[in-house]
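Engineer:
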Amino acid sequence: SHDYHFGLEEHEGISELFDCD
Amino acid sequence: PPQTPIRAAMNSIKLLRGDLPSSGDQPSSKLTTYFKNCTVDPSQGIQKRLEMLGQVFSPKFGEAVGPHCIAYGRERFNLGVRLYYKVMESMLESEEKRLSVQNFSKLLNDSTFHTSLLACALEVVMATYEESSFKNGGGGHGEGEQAGRDLCFPWILNVFDLSAFDFYKVIESFIKAEPTLSKEIIKHLETCENLIMEKIAWRTGSPLFELLKREQEAGATEQAETPAS
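Quick note, the sequences are listed as chains E and Y, same order. Under my numbering, read the first sequence as residues 56 to 76, first letter to last. Under my numbering, read the second sequence as residues 737 to 965, first letter to last.
1) How about the region 778-787 of chain Y and the region 61-75 of chain E: do they share at least three Cβ pairs that are nearer than 8 angstroms?
2) Taking all protein chains shown into account, decide if Y/K772 is buried (16 or more other Cβ within 10 angstroms of its Cβ) or exposed.
3) Taking 8 angstroms as the CB-CB limit, is Y/D846 close to chain E?
4) Return the residue from the list Y/V837, Y/L925 and Y/K949 that minimises the CA-CA distance to Y/A900.
5) My output table needs one value for Y/K935: the three-state DSSP class, helix, strand or coil.
6) From Y/T916 to Y/T962, what distance separates their C-alpha atoms?
7) Can you tell which of Y/L944, Y/L843 and Y/I932 has the C-alpha that lies nearest to the C-alpha of Y/M827?
8) By a C-beta neighbour count over all protein chains shown, 10 Å radius and 16 as the cutoff for buried, is Y/S748 buried or exposed?
9) Helix, strand or coil for Y/Q762, going by three-state DSSP, please let me know.
10) Relative to the alpha-carbon of Y/V906, which residue among Y/W938, Y/D846 and Y/S918 has its alpha-carbon at the smallest distance?
11) When burial is assigned at 16 or more other CB atoms within 10 Å of the CB, is Y/M746 buried or exposed?
12) DSSP three-state call for E/Y59: helix, strand or coil?
13) In chain E, which residues lie less than 7 angstroms from Y/E831 when you measure between Cβ atoms?
14) For Y/H804 and Y/R753, what's the separation of their Cα atoms in angstroms?
15) What is the rounded straight-line gap between the Cα of Y/E914 and the Cα of Y/G816?
16) Alpha carbon to alpha carbon, how far is Y/G802 from Y/E832? Give it in angstroms, no decimals.
17) Buried or exposed: Y/M933, going by 16 or more other Cβ atoms within 10 Å of its Cβ?
18) According to DSSP, is Y/G874 helix, strand or coil?
19) At a threshold of 7 angstroms, does Y/V895 count as lining the ligand PLP (C-beta to nearest heavy atom)?
20) Specify the secondary structure class of Y/A964 as computed by DSSP and reduced to three states.
21) The alpha helix (DSSP H) that contains Y/V776, what's its start and end?
22) When DSSP labels each residue in this structure, what does Y/L887 get in the three-state scheme?
23) Using only the alpha-carbon positions, how far apart do Y/K949 and Y/T740 sit?
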């Protein structure tokens with residue numbers, strides 16, 4: 056089996072990664 | 737029946753196709769509402785970008801596989817677009833829940849975000865198709881096997897002239913937003929992630945260097961931290 060390791064915290068998402076609020 | 741590599745690949749393709757609504761080459765009503773809630777409606781930009789990237793993708797696919805395969809390229813692009821819309825909707829739903837906002841004007845008008853998201857959707861589509869040619873070890877599938885190698889990541893980055901660093905940003909959110917991805921596909925995306933982290937993001941011209949420079953300049957005014965191991 057293979058489990059992806061999620062690195063983003065609960066309070067982080069795609070908006071932050073593209074510098075958007 | 738026993739699970740052969742070909743059967744596994746065929747099942748993945750069937751799942752991928754079955755999972756995506758045939759009408760999904762256009763944004764759903766929910767997604768359209770997100771677009772309408774934006775300060776600047778991104779609909780036209782999204783449509784134009786998809787047309788432009790589609791015109792780039794199919795000929796490049798033909799170059800890599802053979803001119804008689806351009807139609808397959810179009811088919812894969814259309815599947816990619818359906819997955820792109822589906823994942824975008826799911827991402828926005830999560831962001832709405834997390835941030836309690838419905839106006840994603842900045843994100844939805846960010847061209848890099850859309851190109852990265854579409855590239856990731858296409859990487860998933862192509863990896864699903866290529867599973868059969870990778871695992872088949874050749875047996876009468878010579879051309880497919882060659883095509884698999886040619887279309888392998890980071891091929892899509894060159895096609896869309898996308899930086900690996902920007903592609904990297906969408907991978908984790910993509911996996912979170914699409915719970916039906918098979919373990920093989922998740923593993924494939926993780927391999928892409930590692931390749932970017934270890935190698936491609938550090939090539940000359942990567943936006944990562946500019947970002948590091950800015951961080952360093954911003955940090956110069958703050959108290960210096962002890963270097964971490």
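Note that beta-carbon positions come from the ideal geometry of N, C-alpha and C, so glycine has one too. From a predicted model like this one, the values you see are computed outputs, not experimental measurements.
Structural biologist: Taking the geometry as given:
1) no
2) exposed
3) yes
4) That would be Y/L925, whose Cα lies nearest to the Cα of Y/A900.
5) coil
6) If you draw a straight line from the Cα of Y/T916 to the Cα of Y/T962, it is about 43 angstroms long.
7) The shortest Cα separation from Y/M827 among Y/L944, Y/L843 and Y/I932 belongs to Y/L843.
8) buried
9) Correct three-state label for Y/Q762: coil.
10) Y/D846
11) exposed
12) Of the three classes helix, strand and coil, the one that applies to E/Y59 here is coil, per DSSP.
13) Those within 7 angstroms of Y/E831 in chain E are G68, I69 and S70.
14) 23 angstroms
15) Spanning the alpha carbons of Y/E914 and Y/G816 requires a straight line of approximately 13 angstroms.
16) If I take the Cα positions, the gap works out to 43 angstroms.
17) exposed
18) Annotation note: pLDDT 44 at Y/G874 (below 50); position unreliable, no value reported.
19) The ligand PLP is not among the ligands present in this structure, which contains no ligands whatsoever.
20) coil
21) Segment: none, Y/V776 is in no alpha helix (DSSP H) and carries neither H nor E.
22) In the structure shown, Y/L887 adopts coil according to DSSP, grouped into three states.
23) 50 angstroms
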